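**Q** To get the working numbering, take the position in the sequence shown, counting from 1, and add 22. The C-beta atom is built at its ideal place from N, Cα and C for all residues, glycine as well. Every value quoted in this text rests on a predicted model; they were computed, and no experiment measured them.
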Amino acid sequence: MPIYNIPFPVLTICPEAISTQDKFNYTKLMQKKEDKLLLTPSDVVDEVKLEFHLRNCIYMTESKNCSSMFIPVITDEGVCYPFNMLDRYEIFRENVIHHKDYHRFPNTINWSLEGGYTEGAGVNAYPDRAYLTGATKGFSFNILTPNGDLDFACKDAFQGYRVLLHAPMTMPRPSQKYFRIPLDQSVVGAI
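(1) Please return the same chain residues whose Cβ sits closer than 8 Å to the Cβ of Ala-152, not counting the five positions on each side in sequence.
(2) In its own chain, which residues sit with a C-beta less than 8 Å from the C-beta of Gly-211, not counting the 5 before and 5 after it?
(3) If you measure between the beta carbons of Phe-33 and Asn-87, is that distance less than 8 Å?
(4) For Tyr-200, name the three-state secondary structure that DSSP assigns.
(5) From what residue to what residue does the alpha helix (DSSP H) around Tyr-111 run?
(6) When every heavy atom of the ligand SAH is checked, does at least one fall within less than 7 Å of the C-beta of Met-23?
(7) Of the choices Ile-93, Val-101, Glu-99, whose alpha-carbon is the least far from that of Asp-109?
(8) Confirm, please, whether the CB-CB distance from Thr-130 to Pro-196 is below 8 Å.
(9) State the start and end residues of the unbroken alpha helix (DSSP H) segment that holds Ser-90.
(10) Measure the alpha-carbon distance for Ser-85 versus Pro-37 and round it to whole angstroms.
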């Protein structure tokens with residue numbers, strides 16, 4: 023089977039830090055709890071998700087707008103950011119409740135789970151697919167992490183990102199299968 027008959031895998035990036043400290047400081051919250059102080063509504067904020075600082079996205083040798091490629095989804099580990107995933111209405115039933123505009127990807131174009139890509143689908147089919155093999159024909163990016171986004175009391179002491187590769191029709195499960203990208207490191211993955 024030629025590589026262009028297979029969808030490019032979904033690349034999901036999950037920050038290990040759940041929120042920026044200026045929006046929600048987990049360390050201060052735990053200190054208040056330990057000191058048996060009363061927690062106030064301002065201690066818990068609805069909009070605490072981390073700003074996602076992805077730069078220099080290059081897909082199939084073309085420079086792309088990172089912010090339009092990665093869409094937030096709610097997972098078992100918090101907010102993650104997949105690329106090339108199917109829209110929520112193509113994965114879930116109508117009665118599933120979704121958070122705001124999360125998990126809103128383009129509708130499939132010239133592709134189905136049962137039949138794959140249609141004859142003559144062309145380069146504008148969705149989900150995206152690879153046409154050539156090799157690292158230079160894949161996907162590369164840089165992640166910037168401001169110091170204010172680090173909170174070593176949140177989760178474990180590891181700061182960085184979980185990265186998952188999965189099929190476009192599946193939800194990411196960052197608690198189960200992932201590899202880690204530590205801060206200040208260069209990582210290369212291949213499938």
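**A** Checking against the coordinates, here is how it stands:
(1) Annotation for Ala-152: Ile-25, Tyr-26, Ile-28, Phe-30, Met-82, Lys-159, Gly-160 place their beta carbon closer than 8 Å to its own, counting only its chain and skipping 5 residues before and after.
(2) Short of 8 Å from the beta carbon of Gly-211, and not among the five residues preceding or following it, lie these beta carbons of its own chain, in chain order: Val-185, Leu-187, Phe-201.
(3) Residue identity differs from the one stated: residue 33 is Leu in this sequence, not Phe. No, these two residues do not count as a Cβ contact at 8 Å.
(4) Looking at Tyr-200 - three-state DSSP - the assignment turns out to be coil, as it is neither helix nor strand.
(5) Start and end: 110–113.
(6) Because no ligand of any kind appears in the structure shown, any question about the ligand SAH cannot be addressed here.
(7) Ile-93 is the residue among Ile-93, Val-101, Glu-99 whose C-alpha sits nearest the C-alpha of Asp-109.
(8) Pairing Pro-196 with Thr-130 gives a Cβ-Cβ distance that is not under 8 Å.
(9) Segment 88–91, the alpha helix (DSSP H) holding Ser-90.
(10) In this structure, the alpha-carbon of Ser-85 lies about 23 Å from that of Pro-37.
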